[in-house]
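In what follows, a structure is listed as structure tokens, so that the remarks can point back to it.
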Amino acid sequence: MFSHDKIWDAIDQLARHHDLTPSGLARKAGLDPTSFNKSKRNSSDGRLRWPSTESIHKILEATGSTIEDFMGFLGARRNALPEGNFPPQVSPIPLLGFAQAGAGGFFDDGGFPAGQGWDVVDFPVSPAQKAGCYALEVQGESMM
253 MFSHDKIWDA
263 IDQLARHHDL
273 TPSGLARKAG
283 LDPTSFNKSK
293 RNSSDGRLRW
303 PSTESIHKIL
313 EATGSTIEDF
323 MGFLGARRNA
333 LPEGNFPPQV
343 SPIPLLGFAQ
353 AGAGGFFDDG
363 GFPAGQGWDV
373 VDFPVSPAQK
383 AGCYALEVQG
393 ESMM
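For the sequence shown, the positions run 253 to 396 when the numbering used here is used.
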């Protein structure tokens, strides 16, 4: 979840990354120079004011940044690995030889592994993502 403070902090970081002030960033994007002033981030009655998606689009376009760049400033890099050298997480998944796969009894009506005779192989997928994963082993000319 992204908080109000994190969104505004990401805008400030994007501005700094491009050697701009928040006002300079707004101006460069064709917005009112006061759009990103700290005084405008809360209404007079204390309600939080959030930047519009249109404003975010304009500042990304003006700086040549991507949504991934912006998400990085939020601390939410998608598909990024943590710092350091970590081995990939592995989970066991069912393995069946390709030639065996054509024989009946190895898959249910939904196409998922079923029955007996499956081997197991470690595969780089988290336990939460492994549902429905299976491996077919192809050797030699078994696909011919």
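Virtual Cβ for every residue (Gly too), placed ideally from N, Cα, C.
Close beta carbons around residue 391, own chain, < 8 Å, minus the five adjacent residues each side: As a working note, residue 391 is residue 139 in the sequence shown. Once the five neighbours on either side are set aside, the close Cβ partners of residue 391 are 349, 350.
Contacts around residue 379, its chain only, beta-carbon distance under 7 Å, and the 5 residues preceding and following it disregarded: Counted from its first residue, the sequence shown places residue 379 at position 127. 343.
When 366, 260, 268, 389 are compared against residue 291, the one with the closest alpha-carbon: Locating residue 291 in the sequence shown gives position 39, where the first residue counts as 1. Residue 291 has its Cα closest to that of 260, out of 366, 260, 268, 389.
Please identify the residue among 256, 279, 266 whose C-alpha is closest to the C-alpha of residue 298. If you number the sequence shown from 1, residue 298 lands on position 46. The candidate whose alpha carbon is nearest that of residue 298 is 256.
Reference residue 319; option with closest CA among 262, 393, 384, 387: Position 67 of the sequence shown, counting from 1, holds the residue named residue 319. Out of 262, 393, 384, 387, 262 has the C-alpha closest to the C-alpha of residue 319.
Nearest to residue 266 (by Cα), restricted to the options 317, 305, 341, 388: Sequence index remark: in the sequence shown, residue 266 carries index 14 (1-based). Closest by alpha carbon: 317.
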